[in-house]
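*Asks:* Residue numbers (my numbering): 594 to 1285. Just so it is clear, CB atoms sit at the ideal spot from N, CA and C, and this is done for glycine as well.
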Amino acid sequence: MSNIYIDRLSLFSLLSIICSGTRYSHIFYFNTTTKAGTIAKIFRMLGVLKSEPQLVDFHITDLRDEKGESPLLKIMGIDINNICYEISDREFANNIFLKKFSLYFDFRKILLFFEKILYDEIYDIVFFINITKWHAENRINSDESVVLFLKKGQWVSYLSHYITGLNIKPVEYVAGIDLSLSRYFSHAKNIVLSKIRSRLNAARRNSSKDEEKGEDIPPQVINNKTPLIGAWYTGKTVTFGLKKRSDFFWLLKSKIPYEQVLLYFSRTDMPATEKISESLDKEQIRSIAMSNMATNSMRVPVWSSGNKYQYLRRKFVVQVLKNYILCAFNRKLVSLFYLTNMVYFVLKYSYWYDFFSSNNIKIHVSPGDHLKVCVPKNLALQKCGGVSVSYQYSNGMNSSIFHSYGCDIVFSFGSAYRWTWEHSRSQVANFIYCGYITDYAFSKVREDSLKTRQRLLDKGVKFIICYFDESPSSCRMDVVSSKMVAETYEYLIRTMLEDETLGLVLKPSRPGNLYDEIPAIKDMIEKANESGRCICIDEGSYHTDHYPTEAAQIADLSVCLLYGGTTALESHLSGVRTVFLDLEKLNSDPVYNLGCGEIVFDNIDDLSCAIRQFRDDPESVPGFGDLSAWAEDKDPFKDGKASLRIGQYINWLFVKIGEGKKREEAIEFANQKYAEIWGRENIVDFNCTSTV
């Protein structure tokens, strides 16, 4: 007898089970189609299905290996990567269809793009495979064999090898519709509809012109004479002070002329507002929205692609179809996976080439350059003679392909992160070590933090804890669960209310999301605030407006979740004792080798006990909250000048490009200047510079 697991409950997977002749006691499934439950009941009534299919009840953090540890980091950063790299090396690198595009684009960047596509495609199924093994061993507690039914696809042979390594028998079934491809076609439909809506909205503004090879420029163009620095709006506060979280941290201490900066808005969940527009206008910073839904301000013009986009789109889509047909004529049948994704690639390339060239953007600054769309986007900027600049904004020590970069320059905190870029096969010209990017705020907020601390001390508080959460989710595939976050808040608030000498500072990562996901949290926090010994720093529309350092410096101890760790690094660099709370049981993290029970705790009761011990006798736990060993090499400077270094480098690029120098010459000049002032050891040459 066997226990059967199905990736997706459907008519096709049920027929496959029935026809397979497999003897089974249970059927479990991860996803389902709309009518599958009804079909299963009919099959049960007919007697051809021997067991009622059950949804696998799990959360991703339930996963445990044979040691009882969470394998999340291994699956994300090693297992999925290895499968992707094997497919990339064997399939993508030798694909005759993809190779034809090396005439137009850097082939390494094409491979990077497809690796990212693949990572997204197989992410869930690789976790389902591991959950199958865990569920069979821990929830059923049966010695019966395990069979996993997977929809037939072009990567199943690679996945099957991985599955058998976990002592699971894989069985392929044929589905009527390739759901992954239907997703691509749905995406293509959405693009077409979006373009139609955009054209209708822009019809009043655009005059009719003869379509040429790309000489016409739409009226929404911001500037076509002086080079601009384009920056993507990330949702942080648009402020030019040094105390609050700023989207322009890299600009504040630089010599870059503000009027040569263009902030563009693309996310519809974080549109430009009148307040943001007023702030930008006051500082003479230009702005533009990439769609009507990306702005709520009449002051912000809306970009509309023009003839350059039309020309390039036609040229490259025709080339994609031509190459596809040529492969077919040569009896080299290419799957639709390559066709649909290559069409997506050239459409994005064409769109961003139009935007960058029409607005004369020569430097692009963005933290999100690990996204798949950024590969063609950065290639478009490169073709325009521009330089793509990104920066590390998180401590996440994750070497997954999802986090790989494909731009020219990446500013990294320090050398401790180098292995993550190498293991993820990042295609970057240079990594520049700059230190913790917003360390300028540490000293600026200290006075405010001390005033707030005194308010708590005046209430009789003797010891203050600051808790930093991570944004929760009710999705079973997200690491930080709403249930875990709610339980942690409830525990900390209850403990504070029971101990009149204890103060509590709460700093939600994304307060809006926290209150939406867990409505009861707000009432809980309001009750805590009434005690006068609790402060919740939650101002902000998306992210909180205040830096973590401000909250940390109020406290005697910061408590941060191990998954992420960015707030822990900021708290430690601010001079505050800091510990990790690892509720996900990521025991394979190297931090466990540095002080389990002193700097990392895998349950909140042990942490609470350690805090009491430290309060009673600090000398009894001398290493408590000391992250010095963990933070080694994460910031080689620790001088509060990280943003200055970034701003200097970008300004050097800007000056040389303004002088008419080529992008490669500008990068070389900036590297030389940075090396002279800050040390050659802080520039890592990845030897990935290429030309289109």
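1) DSSP puts Cys1129 in a beta bridge; with which residues?
2) May I ask you to list the residues that DSSP assigns as paired with His1139?
3) What are the start and end residues of each continuous beta strand (DSSP E) run of 3 or more residues lying completely inside the segment 604-654, in chain order?
4) If we count Cβ pairs, one from each stretch, closer than 8 Å, do we get three or more for the segment 685-692 versus the segment 951-958?
5) Return the bridge partner residues of Gly823 from the DSSP annotation.
6) Can you name, in chain order, every residue of its own chain whose Cβ lies under 6 Å from the Cβ of Ile1239, other than the five neighbours on each side?
7) With DSSP collapsed to three states, give me the class of Lys667.
8) Where does the unbroken alpha helix (DSSP H) through Thr725 begin, and where does it stop?
9) Are Ile715 and Ile676 touching if we call contact CB-CB under 8 Å?
10) When you compare only the Cα positions, how much space is there between Trp1012 and Val982?
11) Whole angstroms is fine: what's the gap from Ile761's alpha carbon to Val739's?
12) Are the segment 1120-1128 and the segment 1092-1099 touching by the rule of at least three beta carbon pairs closer than 8 Å?
13) Just reading off the alpha helix (DSSP H) that Asn916 is part of, what are its end residues?
14) Quick check: what's the CA-CA separation for Asn889 versus Trp896?
15) Measure the C-alpha to C-alpha separation of Thr1196 and Ala1144 and round it to an integer number of angstroms.
16) Using a Cβ-Cβ cutoff of less than 6 Å, which residues in the same chain neighbour Ile611 once the five nearest sequence positions on both sides are dropped?
17) Using CA atoms only, rank isn't needed, just tell me which of Ser1074, Glu1261, Asn596, Gln903 is closest to Arg732.
18) Taking the straight line between their C-alpha atoms, what separation do you get for Phe1173 and Ala1161?
19) Could you say which of Val1078, Phe694, Asp1199 lies nearest to Cys920 if we only look at CA atoms?
20) Classify Asp947 as buried or exposed, calling it buried when 16 or more other Cβ atoms lie within 10 Å of its own Cβ.
21) Going by DSSP in three states, Ser993 sits in which element: helix, strand or coil?
22) Could you tell me how far apart the beta carbons of Ile878 and Val854 are, in whole angstroms, since I believe they sit closer than 8 Å?
23) Taking a contact to mean a Cβ-Cβ separation below 8 Å, would you say Ser536 touches Asn674 in this structure?
24) State whether the segment 1175-1194 contacts the segment 662-671, with contact taken as three or more CB pairs (one from each stretch) at a distance under 8 Å.
25) Am I right that Ile994 and Glu708 are in contact with their C-beta atoms under 8 Å? What's the rounded C-beta distance?
26) Grab me the residues of Asn1122's own chain with a C-beta within less than 7 Å of its C-beta, minus the 5 sequence neighbours each way, in chain order.
27) For Val939, which of helix, strand or coil comes out of DSSP?
28) Can you tell me which residues form a DSSP beta bridge with Asp1278?
29) List, from N- to C-terminal side, the alpha helix (DSSP H) runs of 4 residues or more that fit wholly inside the segment 727-765.
30) Which ranges would you report for the beta strand (DSSP E) in the segment 868-902 if only whole runs of at least 3 residues count?
31) Our contact map puts Thr1031 next to Ile1147 with C-beta atoms below 8 Å; I'd like the distance itself, whole angstroms only.
32) Using a Cβ-Cβ cut-off of 8 Å (strictly less than) and excluding sequence neighbours within five positions of Ile822, which residues of its own chain qualify?
33) Going along the chain, which residues of its own chain have a beta-carbon closer than 7 Å to the beta-carbon of Met594, five neighbours each way excluded?
34) Are the segment 1105-1123 and the segment 1015-1026 in contact at 8 Å, needing three or more beta carbon pairs?
35) Give me the Cα-Cα distance between Cys1000 and Asn971, rounded to the nearest whole angstrom.
36) Restricting to Cα atoms, I'd like to know which of Lys1234, Met1070, Gly1216 is closest to Lys1037.
*Replies:* Result, derived from the coordinates:
1) Leu1099
2) Lys837
3) 617-625
4) no
5) Leu855, His957
6) Trp843, Phe1004, Cys1027
7) helix
8) 700-728
9) yes
10) Near 20 Å, if we compare the C-alpha coordinates of Val982 and Trp1012.
11) 5 Å
12) Enough Cβ pairs lie closer than 8 Å, so yes.
13) First-last of the alpha helix (DSSP H) with Asn916: 900-922.
14) 14 Å
15) Per the sequence shown, the amino acid found at residue 1196 is Asn instead of Thr. About 23 Å.
16) Short of 6 Å from the beta carbon of Ile611, and not among the five residues preceding or following it, lie these beta carbons of its own chain, in chain order: Val641.
17) Asn596
18) 7 Å
19) Phe694
20) buried
21) coil
22) 5 Å
23) Because the chain is modelled from 594 through 1285, residue 536 falls outside the range shown and cannot be assessed.
24) Verdict: yes, contact present.
25) 5 Å
26) Cys1129
27) helix
28) Asn1023
29) 749-757
30) Along the segment 868-902, the beta strand (DSSP E) occurs as fully enclosed runs of 3 or more residues at 879-882, listed in sequence order.
31) In fact, because the Cβ distance is near 18 Å, the residues do not count as touching under 8 Å.
32) The answer, listed in chain order, is Ile849, Gln853, Val854, Leu855, Ile954, Lys955, Ile956, His957, Val958, Ile1243, Phe1247.
33) The residues are Arg616, Tyr617, Ser618, Glu737.
34) no
35) Their backbone Cα atoms lie some 6 Å apart in a straight line.
36) Lys1234
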